[in-house]
Amino acid sequence: MKPKKSQWIAAGLLLVLALGLLTAGVWGFVLRGQPATSDAMLRMRNYAVLRTAAGAIVNNIYLQAKLDARAYARAQKFSRNQITVYMDEQGELARKAAEEKYYNTLGIDRTELSLAVESFENSLSEYSRLEAAEKEAYAEVWREQQAALAAQKASEETVGTEDETISEDDMMASTIQKVDYSGFVPSAELAALYEALTPAYDAMYTALENALPDLEPEMKDKLREPLIMVVRGGESGFNAEYDSYAATGAQGAFESSEKTRMLVARQAPNLLMLAFGALTAALSVLYYRPLQRSLGMPRLVISAFFILLCILAGLYNINVAGMFSTVLWRTGMYGVLALAMLPGIQAGISLNMGMTVGIIAGLVSTLVALEHNMTGWGAFFFSVIGGIILALPIGFLYGKLLNHLKGSEMTVSTYVGFSVVSLFCIAWMLLPFKNPKLTWALGSGLRSMHNMGDSFGQLLDDFLSFEVLGVRVPTGLLLFFLLCCFIMWLFSRSRTGIAMIAGGANSRFAEAAGVNVNKMRIIGTTISTVIAAVGIIVYSQSFGFMQLYNGPKQMGFVSASAILIGGATVKRAKVSHVIIGTFLFQGVLALGIQVANAAIAEGGLSEVMRILISNGIILYALTQSGGEGRD
Amino acid sequence: MTERNIKRRDLREAARENLREYIVTYVFLALSVLFVVVSGRPLSDIFSQIIGRLSRNLFIVLALIIPIIAGMGINFAITIGAMAAQVGLMLVINWELEGIVGLLVAAGITLPLGAFFGFLIGSLLNKMKGQETIGSLILGYFANGAYQLLFLFIFGNIIPLSDKVTIIGASGVANTLNMMGGGLYMAIDKIWSLPFTTALYGVSGLIALVGLVLFALKKLSLKRLLTLALPGVILSLMVLLVPAVHQVVKGTTVPMVTFLLVGVLCVFNIIIMRTRLGQKFRAVGQSRTVANAAGINVNRTRVIAIMISTVLAGWGQIIFIQNLGTLQTYAAHEMVGLYAGAAILVGGASLNRATNTQAVVGTLLFHILFTVSQDAGKNLFGNANIGEFFRVFIAYGVIAVALVMHTWRSNAIRKKNSLQA
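Residue numbers (the working numbering), protein chains in the order written: chain F, 3 to 633; chain A, 4 to 424.
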């Protein structure tokens with residue numbers, strides 16, 4: 003199919019845009035290496051230092067003017083309101099005058115100052131390095147404390163009926179939360195280095211006093227921290243340096259042509275990223291129809307969204323390595339659960355929303371392991387095998403039930419799943435678990451969140467895990483997921499597997515060919531239930547917490563969305579759909595949380611996004627299923 | 004075989020049929036009685052609670068009937084109607100409209116919004132015929148996402164709102180909107196309320212009188228007159244003559260206008276079924292193929308059914324919230340579909356058949372259980388949470404059982420037919 007004329011035009015325009023952005027980006031990087039740029043940057047730095055000092059003077063004048071105004075107003079017996087208004091007026095006037103006088107620093111001779119700043123910057127670098135290391139360590143501890151606090155809070159809260167327990171979105175939000183450094187105490191070594199800064203600072207301050215004669219000596223201590231912040235900007239790359247200087251309004255140091263050049267140099271990586279985005283957009287406009295045919299509309303939209311989020315993440319300076327670590331982690335975490343949808347679809351029971359019965363089996367066996375204080379691999383394999391043994395008969399019975407409900411399996415299984423989850427809400431209160439780690443301190447019943455840290459939390463994640471370019475690869479987790487996928491792939495190649503898929507695709511035809519369709523459906527349902535049991539164990543160990551009560555309620559929806567995004571329909575699915583779908587879905591969610599948090603401070607947008615994507619894709623699949631219930 | 008034997012067998016057959024049809028209702032009745040006894044709460048207390056719950060929940064449950072008759076199963080997307088109503092209520096609070104005028108404006112906003120959403124829902128459900136129950140459920144979830152987007156990020160930011168409904172420093176509409184200040188609280192209920200005894204005597208007397216007049220004019224058979232008038236008369240006599248019963252009901256007041264609205268909706272449900280549109284609903288519900296062959300625009304009929312249901316559900320939500328007095332902006336709509344669906348199924352409705360009586364009986368039984376389950380849970384297991392969980396379980400369980408029974412039965416019938424053919 004040839005693209006239409008309008009497609010050519012749109013793609014051409016986008017391509018031109020992409021080329022323009024690319025050229026600008028490359029030019030920006032070239033500019034960074036040029037002496038003119040370094041010179042401009044130096045001027046910026048000096049300007050920023052001067053501006054900071056001048057800012058302090060202006061502020062002093064402003065405050066003084068306000069005080070004077072108040073004294074005058076009091077003397078004139080103004081009313082209270084009038085005093086405030088008069089003070090503000092006079093303060094603003096004084097500030098304007100002072101800004102005009104002191105911010106126009108272009109005429110000041112800066113050679114002496116430049117040298118002093120240079121030497122201060124040099125002596126600062128060692129201090130900064132140590133401080134950064136110590137703060138990093140502090141942040142690590144702080145984040146762990148916050149996560150523990152959040153988990154503790156979640157498990158202490160009384161169990162409600164419909165309120166959700168802590169989600170991993172919240173957990174993630176707590177890791178990207180700004181660290182509160184108020185409790186940070188510098189080590190003796192760091193304090194000594196800080197003291198050692200004094201001579202260089204004194205020298206710089208003297209230079210500043212020479213440049214700005216109105217600077218008073220008593221402002222020396224006050225200005226120390228802000229000046230350190232400004233000068234320090236030069237340590238962490240071009241962008242940070244530029245931003246740190248620009249924050250004081252240092253672009254004023256440029257001539258007009260220089261301004262654009264510096265801006266291009268600053269935005270160079272972002273321009274490249276946008277060029278990449280425009281290129282992708284151009285290609286997808288051009289090849290829209292073949293793409294739509296091979297990927298399907300939803301996968302195309304989600305993929306485009308994924309790429310858009312990647313670009314946005316780049317623009318918002320989000321740590322790419324950390325982001326990819328999260329995406330890998332979440333893919334492994336949800337992968338096995340999403341795989342549980344596969345045999346259900348293949349066997350013809352469409353989306354098995356009732357996989358929650360399998361999840362309950364997995365939770366029960368994990369609870370038994372925790373009750374007996376098992377740890378490590380023993381606990382993990384005990385839970386997995388126990389879960390499988392429990393899930394087998396349940397899945398079998400559940401499959402038998404579904405055989406009587408052909409055509410409405412999804413409707414019924416959704417509500418069966420909900421009922422079982424809410425029935426087990428009662429069971430969790432009544433089951434005779436005795437280990438005090440598991441039960442509420444007061445009264446009876448199991449807690450809603452269980453920390454897996456001291457049993458087998460993160461066991462798979464840490465197995466053979468390594469870091470590449472800052473990306474943490476949870477090798478064991480991914481291997482386990484791929485192993486499960488591989489087993490399912492082998493199964494679909496086996497005699498039984500082929501018969502099952504044939505029965506699911508066209509039951510009458512398969513029946514005619516001698517396949518016992520009902521038996522195949524039971525097999526498919528049982529396998530689905532068993533995988534769900536294993537999946538929740540993998541999920542819990544990876545997440546680090548096991549969630550009871552309403553925790554498993556939405557799992558069916560999450561898994562269904564994943565496999566559908568991967569390209570499956572309610573009648574046809576492959577192993578590749580699971581892998582692609584989980585990666586895309588979790589990728590979009592993980593990136594979405596970070597981008598949303600960077601773009602707007604409010605939380606909750608990512609949750610809204612999850613609801614819309616997850617239910618939207620299921621609705622889409624339902625409309626595609628052709629309406630009438632199948633037989 | 005003697006005639007008497009045949010009659011007896013017919014009776015037994017009918018009883019068995021009735022039991023099979025209404026097994027859920029009977030089980031529920033038994034459970035309710037058990038729970039009321041176990042809870043140990045005074046009956047008068049339970050009774051006044053039930054009347055309150057009936058007044059605020061019946062309207063929404065009755066809104067489910069038309070889509071069921073049109074063959075679209077339980078319309079769980081009535082949550083979207085509730086959302087439309089909450090948009091209206093939020094705006095009314097924002098504009099500081101007061102009392103009954105405010106509620107009327109909210110209802111006025113709900114009408115076009117609900118009709119529009121209903122149109123969209125119906126069109127979408129037409130693309131998934133046979134899967135409407137699950138489709139409308141997931142549509143409700145999806146709409147909840149859109150609702151949160153609207154209330155958290157668009158209202159208060161892009162569309163400015165007054166500080167009546169927002170909180171400074173937080174994005175979007177506040178979590179809880181208080182309706183006490185504007186006189187919206189119980190604006191409908193307060194118009195006219197009577198003690199239960201007076202209301203009962205009045206209403207049953209009125210029914211008996213009208214029935215007698217119609218009977219005298221020969222417009223009503225004796226049997227119908229008795230079925231209509233007797234329950235009220237018997238109840239009144241019981242209240243009058245048995246002191247224990249009088250004790251239970253005497254402290255309760257009845258919001259007359261609210262129940263009048265419910266009554267009007269019941270009548271509407273009956274009358275619309277006698278119009279041409281109602282006949283279309285019924286025809287489409289029984290068989291889409293036959294209806295199509297008879298020249299009925301099936302898709303259009305189904306969309307109309309959903310539109311009516313959505314608007315009615317919205318109005319029902321207004322009645323519900325004016326009775327509660329506070330609007331939980333992000334939670335008030337969430338359980339509407341679940342509880343209403345469960346209630347009507349408890350009354351013995353199925354996925355393709357529902358009547359006013361089933362809706363009323365179901366709501367009554369469901370809410371009796373709701374009222375006492377916490378205390379019953381505490382007394383049975385020493386934990387009030389269990390009662391709380393139990394009522395959620397009951398809601399889901401009832402729907403699951405009804406779905407299983409319905410599908411099982413219709414599959415069995417289909418199998419039988421295909422074997423015969």
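The beta carbon of each residue, even a glycine, is placed where N, CA and C say it ideally should be.
Measuring only between beta-carbons, confirm whether F/T163 sits less than 8 Å from chain A.
-> Start at 1 with the first residue of the first sequence, and residue 163 of chain F comes out as number 161. Low confidence applies here, because F/T163 scores a pLDDT of 34, under 50, leaving its location unreliable; read the following figure in that light. Answer yes: the Cβ-Cβ gap between F/T163 and chain A drops below 8 Å somewhere.
Anything in chain F within Cβ reach of A/T292, meaning under 9 Å, just list it in chain order.
-> Numbered from its first residue, the second sequence carries residue 292 of chain A at position 289. Correct list: empty, because the minimum Cβ distance to chain F is about 11 Å.
Closer than 8 Å, CB to CB, is F/H452 near chain A or not?
-> Locating residue 452 of chain F in the first sequence gives position 450, where the first residue counts as 1. F/H452 is outside the set of residues whose beta carbon lies under 8 Å from a beta carbon in chain A.
Secondary structure of F/E469, DSSP reduced to three states = As a first step, residue 469 of chain F must be located in the first sequence, where it is residue number 467. Strand, per DSSP.
Distance, A/T28 Cα to A/V349 Cα | Within the second sequence, the letter at position 346 stands for residue 349 of chain A. Within the second sequence, the letter at position 25 stands for residue 28 of chain A. Approximately 5 Å, taken between the alpha carbons.
Ordered list of beta strand (DSSP E) runs contained in the segment 139-176 of chain A, each at least 3 residues = none
At what residues does the alpha helix (DSSP H) containing F/L425 begin and finish?
-> Locating residue 425 of chain F in the first sequence gives position 423, counting from the first residue. First-last of the alpha helix (DSSP H) with F/L425: E411 to L432.
Chain A contacts made by the segment 359-384 of chain F, where a contact means CB separation under 8 Å = none
C-beta neighbour in chain A for F/K68, strict 8 Å = The sequence position of residue 68 of chain F within the first sequence is 66, counting from 1. It does not: the Cβ of F/K68 has no partner Cβ on chain A nearer than 8 Å.
Can you grab the Cα-Cα spacing for the pair F/F488 / F/S296, in whole Å?
-> The count along the first sequence starts at 1 and reaches residue 488 of chain F at position 486. The count along the first sequence starts at 1 and reaches residue 296 of chain F at position 294. The straight-line gap from Cα to Cα measures roughly 24 Å.
Cβ pair A/A88, A/L142 closer than 8 Å = By 1-based counting over the second sequence, the position of residue 88 of chain A is 85. By 1-based counting over the second sequence, the position of residue 142 of chain A is 139. Between A/A88 and A/L142, the C-beta spacing is not below 8 Å.
Could you pull the start and end residues of the beta strand (DSSP E) that F/H452 belongs to?
-> On the first sequence, residue 452 of chain F is found 450 positions in, with the first residue counted as 1. That run of the beta strand (DSSP E) goes M451 to N453.
Use the C-beta contact count for F/T177: other C-beta atoms within 10 angstroms, 16 or more gives buried, fewer gives exposed.
-> The count along the first sequence starts at 1 and reaches residue 177 of chain F at position 175. Because F/T177 carries a pLDDT of 48, less than 50, the predicted location of this residue cannot be relied on, and the following value inherits that uncertainty. So F/T177 ends up on the exposed side.
If F/L425 and A/F396 are in contact, beta carbons under 8 Å, what's the gap, nearest whole angstrom?
-> In the first sequence, residue 425 of chain F corresponds to position 423, counting from 1. In the second sequence, residue 396 of chain A corresponds to position 393, counting from 1. Contact holds; Cβ gap of about 5 Å.
F/I524 to F/Y541 span [Cα, whole Å] = Sequence index remark: in the first sequence, residue 524 of chain F carries index 522 (1-based). Sequence index remark: in the first sequence, residue 541 of chain F carries index 539 (1-based). Those two C-alpha atoms are separated by around 25 Å.
Look up F/V329 in the DSSP assignment and say whether it is helix, strand or coil.
-> For the purposes of this step, residue 329 of chain F is taken as residue 327 along the first sequence, with counting starting at 1. The answer is helix: DSSP assigns F/V329 an H, G or I state.
With DSSP as the reference, label A/L330 as helix, strand or coil.
-> The count along the second sequence starts at 1 and reaches residue 330 of chain A at position 327. DSSP places A/L330 within a strand segment (E or B) once states are collapsed to three.
8 Å Cβ cutoff, F/C427 in contact with chain A | For the purposes of this step, residue 427 of chain F is taken as the residue at position 425 of the first sequence. Yes, contact with chain A.
Under the three-state DSSP convention, the category A/P246 falls into | If you number the second sequence from 1, residue 246 of chain A lands on position 243. A/P246 falls in the helix class under three-state DSSP.
By how many angstroms is the C-alpha of F/F326 removed from the C-alpha of A/G55?
-> For this step, residue 55 of chain A is matched to residue 52 along the second sequence. For this step, residue 326 of chain F is matched to residue 324 along the first sequence. Their Cα atoms are separated by approximately 54 Å.
For F/V580 and F/L480, the rounded distance between their alpha carbons = Here residue 480 of chain F is taken as the residue at index 478 of the first sequence, counted from 1. Here residue 580 of chain F is taken as the residue at index 578 of the first sequence, counted from 1. In a straight line, the C-alpha of F/L480 is about 13 Å away from that of F/V580.
Since F/L586 and F/I565 are thought to touch, with beta carbons under 8 Å apart, how far apart are those beta carbons, to the nearest angstrom?
-> Counted from its first residue, the first sequence places residue 586 of chain F at position 584. Counted from its first residue, the first sequence places residue 565 of chain F at position 563. Not a contact, Cβ separation roughly 11 Å.
Backbone secondary structure at A/F262 - three-state DSSP | Against the second sequence, residue 262 of chain A aligns to sequence position 259. Helix at A/F262.
What is the rounded straight-line gap between the Cα of F/W442 and the Cα of F/A393?
-> Reading the first sequence from its first residue, position 440 is the one you call residue 442 of chain F. Reading the first sequence from its first residue, position 391 is the one you call residue 393 of chain F. Roughly 27 Å separates the two Cα atoms.
Listing by chain order, which chain A residues have their CB less than 9 Å from the CB of F/L407?
-> Residue mapping note: residue 407 of chain F aligns to position 405 of the first sequence, counting from 1. Per Cβ cutoff of 9 Å: L406, V407, T410, W411 and N414.
Within 10 angstroms of its Cβ, does F/D430 collect 16 or more other Cβ (buried), or is it exposed?
-> Indexing the first sequence from 1 puts residue 430 of chain F at position 428. Note that residue 430 of chain F corresponds to Trp in the displayed sequence, not to Asp. With 16 or more other Cβ atoms within 10 Å, it is buried.
Same chain only: Cβ atoms within 6 Å of F/I85, ignoring 5 sequence neighbours per side = Translated into the one-based positions of the first sequence, residue 85 of chain F becomes position 83. Cβ within range, chain order: A75.
So, is the C-beta of F/A175 closer than 8 Å to a C-beta in chain A?
-> Reading the first sequence from its first residue, position 173 is the one you call residue 175 of chain F. At F/A175, the pLDDT of 49 sits below 50, so the modelled position is not reliable and the matter cannot be decided from this model.
Alpha helix (DSSP H) containing F/L624: first to last residue?
-> Locating residue 624 of chain F in the first sequence gives position 622, counting from the first residue. Run containing F/L624: L607 to Q626, per the alpha helix (DSSP H) assignment.
At least one CB of chain A closer than 8 Å to the CB of F/L593: is that the case?
-> Here residue 593 of chain F is taken as the residue at index 591 of the first sequence, counted from 1. F/L593 does not count as touching chain A.
Whole-angstrom distance between F/G14 and F/T625, CA atom to CA atom | Against the first sequence, residue 625 of chain F aligns to sequence position 623. Against the first sequence, residue 14 of chain F aligns to sequence position 12. One C-alpha to the other measures close to 35 Å.
Of the listed residues F/F483, F/I391 and F/V423, nearest to F/A342 (C-alpha basis) | In the first sequence, the residue the question calls residue 342 of chain F occupies position 340. Minimum Cα distance to F/A342 is reached at F/F483.
Beta-carbon contacts of F/T160 that lie in its chain and below 7 Å, excluding the five residues immediately before and after = Numbered from its first residue, the first sequence carries residue 160 of chain F at position 158. Its pLDDT being 43, under 50, F/T160 is placed unreliably in this model, and the coordinates cannot settle the point.
Give, in chain order, every residue of the segment 134-166 of chain A whose Cβ lies closer than 8 Å to some Cβ of chain F.
-> Legend: CB atoms of the segment 134-166 of chain A lying less than 8 Å from CB atoms of chain F belong to residues Q134, T136, I137, G138, L140, I141, L142, Y144, F145, N147, G148, A149, Q151, L152, L155 and F156.
Is it right to say F/S2 is buried, meaning 16 or more other beta carbons lie within 10 angstroms of its own, or is it exposed?
-> Residue 2 of chain F lies beyond the residue range present for chain F, which begins at 3 and ends at 633; the question has no answer from this structure.
Hey, could you find the ends of the alpha helix (DSSP H) F/L440 is sitting in?
-> The residue given as residue 440 of chain F occupies position 438 in the first sequence. Taken as a continuous stretch (DSSP letters only), F/L440 belongs to no alpha helix (DSSP H), as it is neither H nor E.
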